[in-house]
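What follows is one structure encoded as structure tokens, with my remarks underneath.
Number of protein chains: 2
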Amino acid sequence: MQSFPLEGITVLDFGQVYNGPYCGFLLAQAGARVIKVESLIGETLRGRGMAASSAYPFASLNANKESITLNIKSAQAQQLIKDLAAQVDVVLENFAPGTMARYGIGADVLRAINPALIYASSTGYGNAPGPYRDFLGMDFTLQAMAGVMSITGEEGGPPLKTAAAFADFLAGTHLYAGIVSALFGREKTGEGATVDISMQDCVVPTLSTALGSYYVAGEQQPRAGNRHPGKALAPYNVYPAADGYVAIICIREGHWRNLCTAMDNTEARSDPRFATMADRSANMDDVDELVGSWTQGRSRAEILQITQQHGVICSPVNDLADVLDDPHLAARGTLEKRRHAAFGEISQFRTPLRFTDIEPMALRDAPALGEATDTVLQELLGLDEDTLAALHRAEAI
Amino acid sequence: MQSFPLEGITVLDFGQVYNGPYCGFLLAQAGARVIKVESLIGETLRGRGMAASSAYPFASLNANKESITLNIKSAQAQQLIKDLAAQVDVVLENFAPGTMARYGIGADVLRAINPALIYASSTGYGNAPGPYRDFLGMDFTLQAMAGVMSITGEEGGPPLKTAAAFADFLAGTHLYAGIVSALFGREKTGEGATVDISMQDCVVPTLSTALGSYYVAGEQQPRAGNRHPGKALAPYNVYPAADGYVAIICIREGHWRNLCTAMDNTEARSDPRFATMADRSANMDDVDELVGSWTQGRSRAEILQITQQHGVICSPVNDLADVLDDPHLAARGTLEKRRHAAFGEISQFRTPLRFTDIEPMALRDAPALGEATDTVLQELLGLDEDTLAALHRAEAI
Chain A
13 MQSFPLEGIT VLDFGQVYNG PYCGFLLAQA GARVIKVESL IGETLRGRGM AASSAYPFAS
73 LNANKESITL NIKSAQAQQL IKDLAAQVDV VLENFAPGTM ARYGIGADVL RAINPALIYA
133 SSTGYGNAPG PYRDFLGMDF TLQAMAGVMS ITGEEGGPPL KTAAAFADFL AGTHLYAGIV
193 SALFGREKTG EGATVDISMQ DCVVPTLSTA LGSYYVAGEQ QPRAGNRHPG KALAPYNVYP
253 AADGYVAIIC IREGHWRNLC TAMDNTEARS DPRFATMADR SANMDDVDEL VGSWTQGRSR
313 AEILQITQQH GVICSPVNDL ADVLDDPHLA ARGTLEKRRH AAFGEISQFR TPLRFTDIEP
373 MALRDAPALG EATDTVLQEL LGLDEDTLAA LHRAEAI
Chain B
13 MQSFPLEGIT VLDFGQVYNG PYCGFLLAQA GARVIKVESL IGETLRGRGM AASSAYPFAS
73 LNANKESITL NIKSAQAQQL IKDLAAQVDV VLENFAPGTM ARYGIGADVL RAINPALIYA
133 SSTGYGNAPG PYRDFLGMDF TLQAMAGVMS ITGEEGGPPL KTAAAFADFL AGTHLYAGIV
193 SALFGREKTG EGATVDISMQ DCVVPTLSTA LGSYYVAGEQ QPRAGNRHPG KALAPYNVYP
253 AADGYVAIIC IREGHWRNLC TAMDNTEARS DPRFATMADR SANMDDVDEL VGSWTQGRSR
313 AEILQITQQH GVICSPVNDL ADVLDDPHLA ARGTLEKRRH AAFGEISQFR TPLRFTDIEP
373 MALRDAPALG EATDTVLQEL LGLDEDTLAA LHRAEAI
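Those protein sequence lines, which keep their order, are chains A and B.
Under this note's numbering, think of the first position of the first sequence as 13, with each following residue one higher.
Under this note's numbering, think of the first position of the second sequence as 13, with each following residue one higher.
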């Protein structure tokens with residue numbers, strides 16, 4: 013592959029917050045031209061009514077995009093969107109269910125104008141008929157609805173969310189996957205498609221381990237903290253280190269033997285309590301005490317070095333500063349240090365979609381609100397300056 | 013779109029456990045022919061040395077595939093893989109780093125044989141140079157390395173994993189996305205590609221909210237349980253219900269007003285402690301007490317009904333049985349009830365990649381180990397029965 017795979021593709025990205033914008037980010041970093049369409053005051057994450065902490069995700073997820081502003085409640089802007097849909101390959105959005113249709117610019121209307129168009133949306137529960145279709149959804153409530161919270165948390169404690177917004181990002185990745193699948197299918201047929209991604213659908217497969225334990229036991233197992241959901245693997249836990257914590261997991265007998273060697277503990281290797289995975293699982297507290305007593309006097313770096321030398325699956329529990337300065341993420345070109353107006357130097361991520369033949373695309377700053385409105389409408393629709401001025405006056409753009 | 017987008021594409025799927033097999037599952041359900049390649053004793057998840065609980069994920073992730081067995085340590089099988097690589101569009105694998113190359117069937121070798129081939133791999137840390145490239149990685153340790161554990165957990169408690177294996181599934185989805193992007197790019201150039209997905213890369217963007225709070229405060233914020241990582245939104249928590257818990261989040265002032273109406277609490281709406289998002293965040297304990305006192309006497313279903321009627325973002329905290337019987341997942345055709353040899357009736361998921369013009373593909377049972385070995389090698393390589401018998405005797409297949 014000598015060039016970015018989506019070169020020549022043009023996208024109208026109505027995304028907001030994480031799900032849609034991450035999809036647009038992946039598209040842009042894969043070579044597509046991504047035109048971010050915002051309301052006249054900017055999308056939700058740009059700042060209005062949101063915490064200052066939204067500035068970092070906004071900057072990251074909207075790199076390599078152009079920004080135009082359109083008031084989709086205005087009939088003039090709705091006509092512009094129809095005209096733009098005739099010129100582009102993809103329209104993507106993650107509004108509340110039915111928003112685009114309510115303004116007369118839904119999938120059916122736009123695909124009738126441009127039969128080759130890929131119209132792609134992602135909502136909490138998808139657009140197919142069903143009792144939750146019109147429910148509002150956020151990452152936080154999807155983690156609740158899709159069962160993730162029920163299996164996460166301390167032993168004996170309440171259900172707990174994960175603080176990583178993975179439902180949003182998983183849905184955004186599926187949205188990208190659906191769009192590119194449809195683009196590939198279109199090569200043969202010339203026909204567009206409507207992509208319908210439900211965040212709930214995307215989260216369900218991540219329950220696989222817990223569902224396996226559920227079906228074996230015939231009922232849900234108690235929350236297990238950092239241990240295996242079915243208490244069927246040991247060692248499998250987070251252990252104290254001198255400067256924090258480490259995560260260690262042994263999924264095969266060989267891993268356990270390797271860990272005993274790494275700990276320089278021949279007694280443990282011949283201890284009948286620890287002979288097989290089933291024995292170790294039955295004596296999990298003893299296993300955890302043994303491993304923890306070895307880790308607690310050592311630094312995370314030392315533990316990582318020793319375990320990796322011995323073929324044990326281990327990682328330090330890194331905090332955010334560790335991740336931002338991670339030498340591997342820097343070496344791979346995944347994180348790029350850049351200037352941000354409010355924060356000074358920040359680390360921004362590039363696309364995880366990597367091809368060995370080409371360098372990952374350099375990041376460009378997220379666009380200022382509407383900075384490309386006039387140029388895009390001139391270029392794609394041939395609007396002249398008088399028309400643009402009238403549209404501005406009417407607050408359609 | 014009148015047909016599945018990947019019809020006509022053939023894939024050799026060397027995936028094991030979740031990451032690679034989920035990618036293969038998405039490919040199969042998008043219309044590709046997916047030939048699962050296993051060792052003579054089957055891949056890790058098929059059962060050897062793993063807990064009984066692996067049967068459910070194995071059945072789910074390998075639906076709609078064919079299975080062939082090849083001993084990749086055998087020179088004869090290595091030649092067969094080279095011959096097969098000349099006939100297929102995609103090879104995917106998620107072995108430990110460098111495994112395929114060690115057996116002489118790495119990306120460079122196979123792409124030299126078939127310049128149109130897409131060779132796609134996913135490992136914990138990717139194949140590009142870097143200090144962690146050769147580290148073993150599992151979902152559990154990637155959650156540790158990529159910072160997710162450090163931000164998840166109870167206030168004052170230790171770092172905690174999420175029990176949903178989201179790092180694996182997020183990487184598998186990116187692997188699919190990379191493959192289909194390369195297939196699309198190949199339409200123009202005829203040239204294949206090497207896709208290099210790092211689980212670590214895929215997880216980093218999910219930290220966006222926490223990184224936003226980090227940059228605002230200049231340091232990592234304490235773990236926040238079910239609250240907002242930056243304590244900048246309220247209500248935002250899991251609240252007790254009469255029969256479990258519910259998750260409620262208000263991200264705009266309107267949501268709070270709606271919630272006050274839903275709770276029939278006009279006093280709260282005019283209470284100066286709760287006037288703005290900043291006020292509510294500063295008085296988070298009071299907000300949570302107020303909301304919790306309303307939820308705790310009501311069932312999850314009643315709370316869901318009232319909040320949805322009033323435009324409040326809310327979800328019950330569902331357990332696994334709730335998810336498996338979820339009426340919306342059934343209505344969308346996302347979960348299909350099927351017979352499983354060991355468990356009786358189970359609910360299996362179909363692909364989240366959905367297109368409104370076509371029904372999602374019906375599930376076919378995961379294949380028995382090696383059931384298609386002979387037929388695939390006959391069909392794709394023209395091997396005769398004597399040759400196949402000799403390969404079986406030599407334990408190459």
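Glycine included, C-beta positions come from ideal geometry on N, C-alpha and C.
Predicted model only: the values in this text are computed from it and were never measured.
query                                                                                                                       : result
DSSP three-state assignment for A/G190, whether helix, strand or coil                                                       : helix
Closer than 8 Å to chain A by CB, B/I315                                                                                    : no
Residue-level contact to chain B via CB, A/P69, 8 Å cutoff                                                                  : yes
Proximity test, B/A401 beta-carbon vs the ligand SAH heavy atom, cut-off 7 Å                                                : Only the bare structure without any ligand can be found here, which leaves the ligand SAH out of the picture.
For A/E199 and B/Y251, the rounded distance between their alpha carbons                                                     : 50 Å
Backbone secondary structure at A/Q14 - three-state DSSP                                                                    : coil
Spatial distance of A/T135 from B/T153 (CA atoms)                                                                           : 30 Å
Proximity of B/I358 and B/R350 at Cβ, strictly below 8 Å                                                                    : yes
Classification of A/P127 by the beta-carbon crowding that lies within 10 angstroms, buried from 16 upward                   : exposed
Bridge partners - A/V23, DSSP secondary structure assignment                                                                : A/V46, A/V102
A/D213 beta carbon less than 8 Å from that of B/P364                                                                        : yes
Residues from the region 180-195 of chain A in contact with chain B, defined by Cβ distance under 7 Å                       : F181, L182, T185, H186, Y188, A189, G190, V192, S193, A194, L195
At least three beta-carbon pairs within less than 8 Å, the region 88-98 of chain A to the region 116-125 of chain A         : yes
Contact between the region 329-336 of chain B and the region 161-181 of chain A (3+ Cβ pairs under 8 Å)                     : yes
Inter-stretch contact (C-beta, 8 Å, three-pair minimum) for the region 205-221 of chain B and the region 188-198 of chain A : no
Pair within 8 Å by beta-carbon distance, A/L381 and A/R145                                                                  : no
Listed by chain order, chain A residues near B/D147 by CB distance under 7 Å                                                : First, the residue type needs correcting, since residue 147 of chain B is Phe and not Asp in the sequence shown. Those are Q320, listed as they occur along chain A.
Cut-off 6 Å between Cβ atoms - residues of its own chain near A/P171, not counting five sequence neighbours on either side  : M161, S162, G165
Residue-chain proximity (A/Q232, chain B), Cβ-Cβ < 8 Å                                                                      : yes
Span of the alpha helix (DSSP H), counted from its first residue to its last, around A/T206                                 : Careful: A/T206 lies outside any alpha helix (DSSP H), inside the beta strand (DSSP E) at 205-210.
The region 281-288 of chain A contacting the region 216-231 of chain A, beta-carbon criterion three pairs below 8 Å         : no
Buried/exposed call for B/Q14, threshold 16 Cβ in 10 Å                                                                      : exposed
Environment of A/G168 [buried if 16+ CB atoms lie within 10 Å]                                                              : exposed
Under 7 Å (Cβ pairs) to chain B, residues found in the region 125-137 of chain A                                            : Y137
Per-residue burial, B/S6 [other beta carbons within 10 Å of its own, 16 or more giving buried]                              : Here chain B comprises residues numbered 13 to 409, so residue 6 of chain B is not present and cannot be evaluated.
Inter-stretch contact at 8 Å, needing at least 3 Cβ pairs: the region 33-48 of chain B / the region 82-89 of chain B        : no
Nonlocal neighbours in the same chain, by C-beta distance under 6 Å from A/V29, ignoring five residues either side          : T56, L57
C-beta neighbour in chain B for A/Y144, strict 8 Å                                                                          : yes
Segment limits, alpha helix (DSSP H) that includes A/G32                                                                    : 31-41
Start and end residues, alpha helix (DSSP H) containing B/V335                                                              : 332-336
One or two residues paired with A/A132 in a DSSP bridge                                                                     : A/L104, A/V207
B/G356, enclosing beta strand (DSSP E) - first and last residue                                                             : 356-361
Buried or exposed by the 16-neighbour rule on C-beta atoms within 10 Å, applied to A/P69                                    : buried
Own chain residues within Cβ distance below 8 Å of A/A229, not counting five before or after                                : G242
Spatial distance of A/T399 from A/G27 (CA atoms)                                                                            : 27 Å
Identity of the residues DSSP links to B/T81 by a beta bridge                                                               : B/E50
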